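Protein chains in written order, with UniProt numbering: chain Y, 1 to 248; chain P, 1 to 248.
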DNA sequence: CGATACTTTGAGCGCGCTCAACAACCGTGG
DNA sequence: CCACGGTTGTTGAGCGCGCTCAAAGTATCG
């Protein structure tokens, strides 16, 4: 029985919501129909594990709707999130056949999957796909390095402010608006997931959220809805040079 | 006046020490000669900054000999290393024209440079180059995510042991040997650089090095020469499941 | 209603930072 | 030859941020 939010699982690529951002973004209509031949959709429920670290990967694909996390876990249970996958983000690594991380759906989620072998073959014949994947991987590498600074050198308060500013920015870019003052967005993560992202405990996350609220940097409606009266103030709290915020 | 260690700056690609690992690894001889036409060598002294963050990048290229670091710095001086560049590693990002990080030579260093525009044009015509760059970027992303776990969740002692085990492994792979007990290698980093890599202070690095030495996990000859009597013991200290260490 | 999951808040402790002094090891020059 | 300044590394004392352990509050759902 399909849930009320379930997308049409026989979606045509031309109508796909992530058509212009995903690994297929650069493909022309001929290339798209080749992809269309080998794709299939798959749905996951919130909390479900999509891939276990170490498992054989049979497919790669793109997140169409929903949010997933990439996590690493040590033997004693310490967990670090190493990636946050939003719609259009790519899952899987061509050229490697076992997964290096756990992939977990944090919301209900739909993936556009390609069996790994046919996708690799197609990628080798289709520079548009390979180039787009390179571009996306370079962006992810930049994001990972940005997080290394956050993890290694920022205080708990700065970490929280950094996370909020990044989610706020992503949300604004999805809605094609700037980082307006008074912006408001929904946190797609639990306190524990935030802690795993930031290398903190969930108690510390909660305390710092309360502190930022007390100091007027953010406002909270419920646990998840965040609004930011002054985005530059948030950037200051994140320890970033908010020199206008004008990116050329 | 050439220094005693300076390599031949008119090196043919066929004789290049990084020929089989760098971005050109997959190229056939025709493609190689196209690269040869646009390449030039450039030398840097230890301590010299190769690229400043924010600067316009005129070239991309490969480290031929020597070691460089990628670092990010906050306004108040807090510094985080986000990459360690060894021979064959690629510097620069095709498709972006300003550098995101500082690149600093930590030893005397030689780079094989390509002017950015011609390289990008060649890459678009040469899938072998694009594929190799994708492969290298995916490897770097994995390494960055490995470091996120280290930075976010490991103790100071585990961080030091992790760094030593990685440098030891790299050294062993360069010399085409396994991680033998009694292995010995030279640390290419100062205590401060280690601290910047691990998100620690240099004092903490020094204390943990002394502690690992006191406990017999490592032996030190001078400040930089490290030997490891029992590699599995080092991995345990790093918090890694040393289940044989047999990578399939 | 109770059950479960998520969050907040409090109290106390310990790891890693801060500040400081000192040691070891250069190359340079009187 | 030792004196010297500079760089790099070691070690000590004390403190504070973020963790640990604990309890209570809130929201959703059967």
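All C-beta atoms, glycine included, are put in the ideal place defined by N, C-alpha and C. Since we're looking at a predicted model, the values are computed, not measured.
For residue i, collect the residues of the same chain with a Cβ closer than 6 Å to its Cβ; drop the 5 residues on either side in sequence, then sort them by chain order.
i, result
"residue 74 (chain Y)", "none"
"residue 44 (chain P)", "50, 105, 109"
"residue 200 (chain P)", "156"
"residue 151 (chain P)", "199"
"residue 222 (chain Y)", "none"
"residue 241 (chain Y)", "none"
"residue 22 (chain P)", "62, 88"
"residue 146 (chain P)", "none"
"residue 35 (chain Y)", "24"
"residue 143 (chain Y)", "none"
"residue 6 (chain Y)", "Low confidence applies here, because residue 6 (chain Y) scores a pLDDT of 47, under 50, leaving its location unreliable; read the following figure in that light. Cβ neighbours of residue 6 (chain Y) beyond the five flanking positions: none."
Between which two residues does the beta strand (DSSP E) holding residue i run?
i, result
"residue 251 (chain P)", "Because chain P in this structure spans residues 1 to 248, residue 251 (chain P) falls outside the shown range and cannot be described."
"residue 109 (chain Y)", "109 to 115"
"residue 101 (chain Y)", "First-last for residue 101 (chain Y): undefined, no H or E at that position."
"residue 187 (chain Y)", "Unbroken run through residue 187 (chain Y): none, as it is neither H nor E."
"residue 12 (chain Y)", "From DSSP, residue 12 (chain Y) is part of no beta strand (DSSP E); its letter is neither H nor E."
"residue 240 (chain P)", "Residue 240 (chain P) -> no beta strand (DSSP E), and no H or E assigned at all."
"residue 82 (chain P)", "79 to 85"
"residue 221 (chain P)", "219 to 221"
"residue 265 (chain Y)", "Nothing can be reported for residue 265 (chain Y), as the shown portion of chain Y is limited to 1 through 248."
Given that residue i touches chain Y, what residues does it touch there, using C-beta distances under 7 Å?
i, result
"residue 141 (chain P)", "137, 140, 141, 144"
"residue 78 (chain P)", "153"
"residue 148 (chain P)", "80, 82, 144, 147, 148, 151"
Residue i versus chain P: which residues are under 8 Å apart at the beta carbon?
i, result
"residue 54 (chain Y)", "Ordered by position in chain P, no residue passes the 8 Å Cβ test against residue 54 (chain Y), which lies about 11 Å from the chain."
So residue i contacts chain P; which residues on that side make the cut at Cβ distance below 7 Å?
i, result
"residue 74 (chain Y)", "153, 239"
"residue 131 (chain Y)", "130"
"residue 199 (chain Y)", "151, 152, 153"
"residue 134 (chain Y)", "130, 133, 134, 137"
Can you list, in chain order, the residues of its chain whose CB lies under 8 Å from that of residue i, leaving out five sequence neighbours each side?
i, result
"residue 115 (chain Y)", "38, 58, 59"
"residue 70 (chain P)", "81, 82, 83, 84, 85, 101, 102, 103"
"residue 20 (chain Y)", "none"
"residue 79 (chain P)", "71, 72, 73, 196"
"residue 52 (chain P)", "99, 102"
Using a Cβ cut-off of 9 Å, pull out every chain P residue sitting near residue i, in sequence order please.
i, result
"residue 57 (chain Y)", "The premise fails here: residue 57 (chain Y) is roughly 13 Å from chain P at the closest Cβ pair, so nothing lies under 9 Å."
"residue 21 (chain Y)", "Under the 9 Å cutoff, chain P gives no residues; its nearest Cβ is about 16 Å from residue 21 (chain Y)."
"residue 295 (chain Y)", "The requested residue 295 (chain Y) is not part of the displayed model; chain Y covers only 1 to 248."
Where do the N-terminal and C-terminal ends of the alpha helix (DSSP H) with residue i fall, by residue?
i, result
"residue 208 (chain P)", "202 to 214"
"residue 168 (chain P)", "156 to 174"
"residue 69 (chain P)", "No alpha helix (DSSP H) contains residue 69 (chain P), which is instead part of the beta strand (DSSP E) from 68 to 73."
"residue 152 (chain Y)", "127 to 153"
"residue 192 (chain P)", "191 to 198"
"residue 31 (chain P)", "29 to 38"
"residue 234 (chain P)", "231 to 237"
Leaving aside the five residues before and after residue i along the sequence, list all residues of the same chain whose C-beta is less than 7 Å from its C-beta, in chain order.
i, result
"residue 131 (chain P)", "26"
"residue 169 (chain Y)", "179"
"residue 40 (chain Y)", "113"
"residue 239 (chain Y)", "154, 158"
"residue 4 (chain P)", "Model confidence at residue 4 (chain P) stands at a pLDDT of 40, short of 50, so the residue's coordinates are unreliable; what they give is reported in the following sentence. Nothing listed; no residue qualifies."
"residue 46 (chain P)", "105, 106, 107, 108"
"residue 220 (chain Y)", "213, 226"
Checklist entry - Name the residues in the segment 80 to 102 of chain P whose C-beta lies less than 9 Å from a C-beta of chain Y; which are they? => result 80, 81, 82, 83, 93, 94, 95, 96, 98, 100, 101
Checklist entry - Are there three or more Cβ pairs, one per stretch, closer than 8 Å when the segment 174 to 189 of chain Y is compared with the segment 227 to 236 of chain Y? => result yes
Next on the checklist: Counting beta carbon pairs with one atom in the segment 83 to 99 of chain P and one in the segment 112 to 126 of chain P, are three or more of them shorter than 8 Å?
Outcome noted: yes
Item to check | the segment 142 to 160 of chain P touching the segment 206 to 220 of chain P, judged by at least three CB pairs closer than 8 Å | outcome: yes
Checklist entry - Any residues in the segment 116 to 128 of chain Y with a beta carbon nearer than 8 Å to a beta carbon of chain P? Which ones, in chain order? => result 124, 127
Item to check | Stretch-stretch touch, CB-based, cutoff 8 Å, three pairs: the segment 130 to 145 of chain Y with the segment 120 to 140 of chain P | outcome: yes
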